[in-house]
Structures are given as structure tokens and as C-alpha cells.
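Contents: one structure, followed by commentary.
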Amino acid sequence: MSCSIKNSAQRRFVRTCWMSAGLVVLLAFFAAAAFRLWHLKGLPAYPVAVLPALPILWVLIETGRYLAAEKDEFQRNLLVQCLLGGIGGTLAVTTVWGYMEDFARAPRLDLIWVYPIFWLFVGLAWPVVYRRYR
Amino acid sequence: MKNRLKVLRAERDWSQADLAERLEVSRQSVNAIETGKFDPSLPLAFKLARLFGMRIEEIFEDSGQ
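From first to last, the protein sequence lines stand for chains R and B.
Heads up, the first sequence is in numbering that gives the first Met the number 0, so the first residue is 0 and it goes up one at a time.
Heads up, the second sequence is in numbering that gives the first Met the number 0, so the first residue is 0 and it goes up one at a time.
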């Protein structure tokens, strides 16, 4: 998928990403307010705590749907390579950090950061992958 | 994989964008195939062959030979 949007599958995917980003912020504020106001604990706390994660799961599903819907095999190939870069980068960082936490008492890395780290590496992989085909 | 896409395209006076439109792919895809940086799938290779009225092996060179 290039920077300029070419087809309906790409348009749908980009729209989903933006909507999801907005929903994450909204639901995170809602969850924070709910915990502050109602002091949720135990079983009722779980569904409220999960709410901000739902749009993120939605994007992961939509990423798969986009890959299935994208008819341009070259663009699909580019995105797959970027996603692999994201997976590889995330695994590398979290593994190294995990050992640093265990042995060197490095600050704890919350699991909530795994998703942004993944997309950060996807973004970093993007220009590298594109340069290969320029 | 080496191919004759650039020549075939030039013979018809098509730009990369023209060919991309006919193949229903992006211009970057055509460029990547043309420069040998991306090998098309069989369905896309057949589509190219149909478009140029040739056989696949007349467009693409088997580098294994």
C-alpha cells in the first residue's frame, strides 16, 4: 500500500485505522472515568478495562481483511513485509527488554505498549521496504 | 526475473500508468515487475500475456535456464 490511496480496500483500511484510533482515545477516557467514579473492582472491572482494547482488535482483524481484499499483489506483498518488520521488531524489543527486567532490574514495560511498538516498527519498516522497490 | 515489459509497453506507446490501469494494479506494481524487482504471480503473468497477446515465456525470461 503506497502513501496515496488507490482503491476501495485501501480506503476502507485507512478509514478503519482512523476510526479505531479515535475510539481508543474515547474508550480509554471512558474507562478511566468509570474507574475513577465507580471504583470498579473484581468481575465488573474486566469488561470496562477491556473496552479500549476492542478497537485495537478491530484493526488487527481489518488488517487481515485488507490483505485478503487487496487485489494488487505487489501492494499486498509490501504490507506483508512491513508487518513482518513490525512483528520482528516487537519481538526483538520485548525479548531484550524482558531479559533486562529480569537480570538488570530495568523498569517494567507495560504490555499496553506492545501494540504501539508493533506499529512503530511497521512504520520504520515502510521506507526500508519501499526503497528496495524504487 | 528479466522481462520484455518495457519494450512491449513502448511498442504500444503505453505509460506505466496505462498498463497498470489495464492490469488493475498500481503503477508501482508495474514498475517493480518491469525492473525485475518483483515477480508476478501466475494469474498476473497470464493476465499480462493475454493483454499483449503472447505466451508468458515470450514476455518473461526464465533465469534458471
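For every residue, glycine included, the Cβ atom is placed at its ideal position computed from N, Cα and C.
Predicted model, so just to flag it, every value in this text is computed and none were measured.
Simplified DSSP state of residue i, which is helix, strand or coil
i: residue 1(R); result: In this prediction, residue 1(R) has a pLDDT of 46, which is less than 50 and means its spatial position is unreliable; nothing more can be read from the coordinates.
i: residue 2(B); result: strand
i: residue 37(B); result: coil
i: residue 54(B); result: coil
Boundaries (first-last residue) of the alpha helix (DSSP H) holding residue i
i: residue 129(R); result: 113–131
i: residue 48(B); result: 41–51
i: residue 94(R); result: 72–103
i: residue 10(R); result: 7–37
i: residue 68(R); result: 53–68
i: residue 17(B); result: 15–22
i: residue 46(R); result: 44–49
Contact under 8 Å by Cβ, residue i with residue j
i: residue 69(R); j: residue 15(R); result: no
i: residue 27(B); j: residue 132(R); result: yes
i: residue 34(R); j: residue 47(R); result: yes
i: residue 50(B); j: residue 39(B); result: no
i: residue 90(R); j: residue 100(R); result: no
i: residue 84(R); j: residue 121(R); result: yes
i: residue 56(R); j: residue 66(R); result: no
i: residue 4(B); j: residue 58(B); result: yes
i: residue 111(R); j: residue 92(R); result: no
i: residue 26(R); j: residue 54(R); result: yes
i: residue 2(B); j: residue 52(B); result: no
i: residue 128(R); j: residue 80(R); result: yes
i: residue 88(R); j: residue 39(R); result: no
i: residue 105(R); j: residue 96(R); result: yes
i: residue 62(B); j: residue 71(R); result: no
i: residue 45(B); j: residue 73(R); result: no
i: residue 29(R); j: residue 42(R); result: no
i: residue 19(B); j: residue 29(B); result: yes
Near-chain B residues of the region 63–82 of chain R (beta-carbon distance less than 9 Å), N- to C-terminal order: Correct list: 70, 71, 72, 73, 74, 76, 77.
Members of the region 13–26 of chain B that neighbour chain R once the beta carbon cut-off is set at 8 Å: Residues passing the 8 Å Cβ filter: 23, 24, 25.
Residues, ordered as in the chain, of the region 30–58 of chain B that lie near chain R by beta-carbon distance below 9 Å: Only 30, 31, 32, 34, 36, 37, 39, 40, 42, 43 from the region 30–58 of chain B bring a Cβ to less than 9 Å from some Cβ of chain R.
Near-chain B residues of the region 88–114 of chain R (beta-carbon distance less than 7 Å), N- to C-terminal order: Result list empty, no residue passes.
Residues from the region 113–132 of chain R in contact with chain B, defined by Cβ distance under 8 Å: Those residues of the region 113–132 of chain R that come within reach of chain B (Cβ to Cβ, closer than 8 Å) are 131, 132.
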